[in-house]
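Protein chains in written order, with my numbering: chain A, 58 to 171; chain B, 388 to 501.
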């Protein structure tokens with residue numbers, strides 16, 4: 058069975074600083090990995106997805122993530138934080154095309170300080 | 388624009404009453420899902436449906452019921468048997484026949500039971 062851990066339930070960065078949100082997974086077969094963002098009282102929006110085509114994945118809003126098989130990691134980064142990036146971020150893993158097999162991490166709340 | 392519509396956004400009910408949450412999608416997706424979100428716990432799968440007139444229990448189905456009479460619609464009923472129904476409920480869909488299809492989410496319904 059797959060699982061996802063996100064280190065740090067709350068991360069604070071200053072505006073303009075690097076954003077690094079950590080995601081580690083476990084899976085018995087090659088996984089598909091996703092990052093979603095959730096703004097207050099809204100649904101989840103897909104940021105990016107890893108589908109084995111390339112280990113460095115670029116997403117929306119300047120975010121990117123790198124798949125590292127040796128470290129079983131899929132950390133999310135952004136070079137320069139903006140106030141609008143304040144939200145909750147969820148990492149998710151699945152081993153197939155079926156949505157019911159998505160496993161979500163507990164989420165990391167990102168605060169951006171002026 | 389295609390998307391998923393959940394209604395209402397906020398719902399208040401007295402304990403002991405059943406309540407139905409609406410979810411409609413115009414993405415022509417085959418699969419639909421209901422998740423429950425509680426602070427710090429990520430998303431937990433309640434029910435899912437891969438095709439019209441068929442649905443399966445997820446991880447936390449007790450106290451909930453669903454129907455899938457139309458491809459576009461997947462309503463969730465929170466029954467009086469659900470011990471702790473106050474939560475944020477998210478509906479999602481995916482094109483299950485699409486390779487690595489991500490989940491698309493609605494904007495959620497916040498249910499408060501007193």
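Backbone N, C-alpha and C fix where the C-beta goes; we use that ideal spot for every residue, glycine too.
Within-8 Å CB hit, residue 91(A) to chain B: yes
Sequence-distant residues of its chain with Cβ nearer than 7 Å to residue 444(B) (five each side left out): 434
Reduced DSSP secondary structure (H/G/I, E/B, other) of residue 412(B): strand
Nearest-angstrom beta carbon gap, residue 430(B) and residue 477(B) [assumed within contact, 8 Å]: 7 Å
Per-residue burial, residue 446(B) [other beta carbons within 10 Å of its own, 16 or more giving buried]: exposed
At least three beta-carbon pairs within less than 8 Å, the region 463 to 475 of chain B to the region 395 to 409 of chain B: yes
The region 110 to 117 of chain A contacting the region 148 to 160 of chain A, beta-carbon criterion three pairs below 8 Å: no
Neighbour flag for residue 126(A) against chain B, beta carbons, 8 Å: no
C-beta neighbour in chain A for residue 489(B), strict 8 Å: yes
Distance, residue 170(A) Cα to residue 71(A) Cα: 5 Å
8 Å Cβ shell around residue 410(B) - same chain, five flanking residues per side excluded: Beyond the five residues adjoining it in sequence on each side, residue 410(B) comes within less than 8 Å, by CB distance, of 391, 392, 393, 419, 421, 460, 461, 462, 463, 478 and 493 in the same chain, given in chain order.
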